[in-house]
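Written below as structure tokens is the structure these notes are about.
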Ligand code: NAD
């Protein structure tokens with residue numbers, strides 16, 4: 123297939139390279155010259171205009187920073203410029219309302235389009251092991267699925283347009299809450315004179331067990347290798363967690379959902395991100 127890829131940053135760069143590895147011909151576009159140069163090294167054909175990158179392709183994939191940019195790119199450079207039969211896939215994490223608006227605009231111009239945000243960070247993007255949560259019609263999902271399979275290990279249809287974003291922010295709100303809760307439990311165990319490894323051995327096979335504890339432990343030297351073992355470098359940046367929590371709280375407000383712990387988690391990450399936005403989000407344990 124001929125696939126245009128827009129947004130070749132930390133995530134998109136590796137994803138575009140995996141489409142090339144899967145045998146697709148990738149037309150790459152980014153505003154940053156360094157991103158274009160890396161994409162060329164990975165076997166993509168590069169373009170200096172998005173409109174030129176999408177001309178004549180079968181599909182367009184985007185991985186962009188936020189909803190405002192996604193809306194501008196689709197309205198100005200993709201809709202009406204990509205061929206009518208192309209399927210459009212936005213993999214960025216953006217607000218549910220903008221995702222639905224952009225998909226509605228694409229559909230009224232005759233395109234099939236999905237929102238397909240990802241779970242998994244830069245390593246998963248490079249390794250082709252992302253999880254995609256996909257919103258859109260059954261037909262759009264069927265067309266998008268094989269393209270997403272080339273970049274991930276799981277592709278799940280979450281329902282109508284915007285539901286991929288809904289799944290992503292609900293998941294990440296829960297992640298923030300259990301990371302803070304896990305950190306609190308380890309710090310309290312320490313204050314009560316309980317060794318961290320001993321607490322892990324007990325809680326990881328008891329009812330407090332959760333992903334933040336057993337796959338991504340915020341305490342260095344406990345559990346499998348994680349960013350805490352590397353002084354909280356790499357992993358999932360606090361600034362990105364805060365972005366997702368803000369999207370979650372916006373969506374909760376619009377939908378009238380009650381999320382007291384989500385709101386508190388956002389406040390905690392907001393304060394921490396002021397000085398430590400670049401650290402992995404498990405570094406929140408340092409605030410306790
Ligand atoms: P990034 O900032 O590294 O990459 C974004 C790229 O988009 C940059 O190369 C930038 O030059 C380019 N860009 C910006 N505006 C553009 C435009 N108008 N046209 C073309 N290119 C443009 O960000 P990232 O870490 O790759 O994240 C991308 C998306 O993936 C975000 O929505 C983020 O929330 C989501 N995400 C990131 C991670 C992660 O761990 N980094 C994990 C899951 C989801």
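Residue numbers (the numbering used here): 123 to 410. Note that CB positions come from ideal geometry on N, CA and C, so glycine has one too. Keep in mind the model is a prediction, meaning the values are calculated, not measured.
Taking the alpha-carbon positions, what's the residue i to residue j distance?
i, j, result
"residue 314", "residue 405", "21 Å"
"residue 302", "residue 162", "41 Å"
"residue 393", "residue 403", "12 Å"
"residue 409", "residue 366", "20 Å"
"residue 178", "residue 204", "7 Å"
"residue 324", "residue 174", "58 Å"
"residue 123", "residue 213", "18 Å"
"residue 75", "residue 355", "Shown here, the chain extends from 123 to 410; a query on residue 75 therefore has no answer."
"residue 266", "residue 198", "22 Å"
"residue 364", "residue 292", "13 Å"
"residue 242", "residue 390", "23 Å"
"residue 331", "residue 340", "14 Å"
"residue 233", "residue 207", "6 Å"
"residue 156", "residue 147", "20 Å"
"residue 317", "residue 336", "16 Å"
"residue 383", "residue 346", "27 Å"
"residue 195", "residue 189", "10 Å"
"residue 386", "residue 258", "31 Å"
"residue 300", "residue 312", "18 Å"
"residue 170", "residue 278", "33 Å"
Can you tell me where the beta strand (DSSP E) holding residue i begins and where it ends?
i, result
"residue 267", "Here residue 267 belongs to no beta strand (DSSP E); instead the alpha helix (DSSP H) covers 260-271."
"residue 147", "147-151"
"residue 209", "209-212"
"residue 278", "274-281"
If you reduce the DSSP assignment to three classes, tell me which class residue i lands in.
i, result
"residue 363", "helix"
"residue 171", "coil"
"residue 406", "helix"
"residue 253", "strand"
"residue 380", "coil"
"residue 125", "strand"
"residue 323", "helix"
"residue 296", "helix"
"residue 240", "strand"
"residue 217", "coil"
"residue 137", "helix"
"residue 460", "Examination of residue 460 is not possible in this model, given that the chain is present from 123 through 410 alone."
"residue 394", "helix"
Which residues mark the beginning and the end of the alpha helix (DSSP H) in which residue i is found?
i, result
"residue 184", "First-last for residue 184: 181-184, but that is the beta strand (DSSP E), not the alpha helix (DSSP H)."
"residue 157", "155-163"
"residue 189", "189-195"
"residue 334", "333-336"
Quick check: the segment 123-142 against the segment 180-195, are there 3 or more CB pairs under 8 Å? Put simply, the segment 123-142 touches the segment 180-195. At least three CB pairs are less than 8 Å apart.
Does the pairing of the segment 264-275 with the segment 294-308 give three or more beta-carbon distances under 8 Å? Not touching, per the Cβ criterion.
Three or more beta-carbon pairs under 8 Å between the segment 256-264 and the segment 371-382, yes or no? No, the segment 256-264 is not in contact with the segment 371-382.
Do the segment 218-227 and the segment 281-300 make contact, defined as three or more Cβ pairs closer than 8 Å? Touching, yes.
Count Cβ pairs between the segment 135-142 and the segment 244-260 that sit closer than 8 Å; are there 3 or more? Verdict: yes, contact present.
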